[in-house]
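Chains as they are written, first to last, in full-length UniProt numbering: chain A, 1 to 256; chain B, 1 to 256. Let me begin by presenting the structure, written as structure tokens, before commenting on it.
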């Protein structure tokens, strides 16, 4: 059995369920921490900053520093920077996306942007969507942090960024470049951040359609943990299986 | 050459272009008016009331009463009434839709509606979209006034109701029933309102994809006028041709 030198780890459904603690996940990350194995939390959540997410993990007693968190907003910002360090950007999104773009010192503009980027925005307005459409129609490159169609909340499933993104794609006829899982873009960026090769890295997550597919597409070994979305019964239906699957991360502690 | 007893007429691109008068259209409607031939303006615009639209037509010197205007909001409201006169409705939309639904004395609710209906809403919020998604996920029937992906404005093409509708359809996985052109629902409703048979009615419009397709689907003869969207060059590419096509409505005055 291979020993992995680095871990990429999903958050919701893997480390916690909403506000509910997953005990085995806490013990697992503590074990990684004690063995000084590098790990990076990789999340499609574009709305929060790494600091805010690390705080949430710490509140569950999971050892996490802001630099151990990598969001789809950071991946999107890195992606744009790799193409054009002086990009003029029109952004639709929340605090996490704003901070990630600001960190790269891009110029924020309302008209004639080089890039239109959208992340979940619970203060969405028609005017924001209008500016996004006009930017894309004027030739801006169209980026979306992630394609999630729904967000689980206490009220039920609310619209996710993939649903908001469709306003721009349906209206303009231009398809965006999605950055987050299951795309390999966020995974390649995450490998750079953690400084590991894909052969020595394991991607852990609860959702086959995002976490595991992202790992498979990026050529990274995958571990599916049945504490969230994808049950054992659902998993058997997929043609390409994850490298490993476990009921809880307790089962993996001896293997790190 | 057949004489038609009733006319269904599109607005933007046919009667005017935004705020620009189309002289031949004014003369044409005046001729219909003088000959006492029934005509009904059929529009996908869900945001305004028949009174507001009649006022706009009158400002161009086009003879129009509110009862000669039929909007996708009215068609949607009639459609729901034909299924359930006491429907509980969650609505996303503007004044025109609100008035059309209110006229049928439906009950407006925020939770557990029988119908979720969406029309263009330039005061759209995440909360409105969230309530729409929750309603549909709870089993409400999903209606959209029209599928137009963009609205022409002085600033350029802004998101249309079809683009806003996609937030709900992408997030829930449920496809809406569209009411407006090119659907035949609005045409069948319009025939009822004008009180004419389809064999004796002519549909006039400038847009093949909406006006002419709606006529064809509803089995109504069609007249394409090249004063708006569909040019002569574009028209030759369509397999099913309109019954007639003219450069301006001046050419049709002798035939009424």
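Cβ coordinates follow ideal geometry from the N, Cα and C atoms, glycine included.
Exposure label - residue i; buried when at least 16 CB within 10 Å
i: residue 45 of chain B; result: buried
i: residue 127 of chain B; result: exposed
i: residue 132 of chain A; result: buried
i: residue 213 of chain B; result: buried
i: residue 211 of chain A; result: buried
i: residue 230 of chain A; result: buried
i: residue 146 of chain A; result: buried
i: residue 168 of chain A; result: buried
i: residue 234 of chain A; result: exposed
i: residue 47 of chain A; result: buried
i: residue 156 of chain A; result: exposed
i: residue 112 of chain B; result: exposed
i: residue 94 of chain B; result: buried
i: residue 181 of chain A; result: buried
i: residue 110 of chain B; result: exposed
i: residue 59 of chain B; result: exposed
i: residue 189 of chain A; result: buried
i: residue 236 of chain B; result: exposed
Residue from the options whose Cα sits closest to the Cα of residue i
i: residue 91 of chain A; options: A/83, A/156, A/120, A/63; result: A/120
i: residue 40 of chain B; options: B/68, B/146, B/84; result: B/68
i: residue 84 of chain A; options: A/107, A/209, A/29; result: A/107
i: residue 96 of chain A; options: A/66, A/156, A/243, A/82; result: A/66
i: residue 8 of chain B; options: B/32, B/104, B/156; result: B/32
i: residue 42 of chain B; options: B/61, B/59, B/30, B/13; result: B/13
i: residue 75 of chain B; options: B/57, B/118, B/59, B/197; result: B/118
i: residue 250 of chain B; options: B/223, B/233, B/153; result: B/223
i: residue 29 of chain A; options: A/55, A/62, A/113; result: A/62
i: residue 256 of chain B; options: B/34, B/181, B/20; result: B/34
i: residue 142 of chain A; options: A/115, A/161, A/99; result: A/115
i: residue 154 of chain A; options: A/11, A/19, A/3; result: A/19
i: residue 99 of chain B; options: B/183, B/171, B/254, B/77; result: B/77
i: residue 176 of chain B; options: B/71, B/162, B/5; result: B/162
i: residue 238 of chain B; options: B/207, B/185, B/149, B/219; result: B/207
i: residue 50 of chain B; options: B/195, B/11, B/184; result: B/11
i: residue 221 of chain A; options: A/227, A/172, A/150, A/241; result: A/241
i: residue 184 of chain B; options: B/216, B/202, B/171, B/174; result: B/216
i: residue 209 of chain B; options: B/171, B/148, B/25, B/248; result: B/148
DSSP state of residue i mapped onto helix, strand, coil
i: residue 6 of chain B; result: strand
i: residue 48 of chain A; result: coil
i: residue 11 of chain A; result: coil
i: residue 23 of chain B; result: helix
i: residue 132 of chain A; result: helix
i: residue 109 of chain B; result: coil
i: residue 72 of chain B; result: helix
i: residue 17 of chain A; result: strand
i: residue 39 of chain A; result: strand
i: residue 79 of chain B; result: helix
i: residue 152 of chain A; result: strand
i: residue 256 of chain B; result: coil
i: residue 56 of chain B; result: helix
i: residue 216 of chain A; result: helix
i: residue 238 of chain A; result: coil
i: residue 137 of chain A; result: helix
i: residue 85 of chain A; result: coil
i: residue 66 of chain A; result: helix
Endpoints, the alpha helix (DSSP H) within which residue i is located
i: residue 88 of chain A; result: Per DSSP, residue 88 of chain A belongs to no alpha helix (DSSP H); it is in the beta strand (DSSP E), 88–92.
i: residue 234 of chain B; result: 232–235
N-terminal and C-terminal residue of the beta strand (DSSP E) that residue i is part of
i: residue 205 of chain B; result: 201–205
i: residue 141 of chain B; result: 141–144
i: residue 223 of chain A; result: 221–225
i: residue 96 of chain B; result: Note, residue 96 of chain B: premise wrong, no beta strand (DSSP E); alpha helix (DSSP H) at 95–103.
i: residue 147 of chain A; result: Segment: none, residue 147 of chain A is in no beta strand (DSSP E) and carries neither H nor E.
i: residue 159 of chain B; result: 156–159
i: residue 115 of chain A; result: 115–118
i: residue 245 of chain A; result: 244–246
C-beta neighbour in chain E for residue i, strict 7 Å
i: residue 126 of chain B; result: The question asks about chain E, but that chain is absent: this structure's protein chains are A and B.
Would you mind listing the alpha helix (DSSP H) stretches within the region 162–212 of chain A that are 4+ residues and don't spill past its ends, in chain order? 184–194
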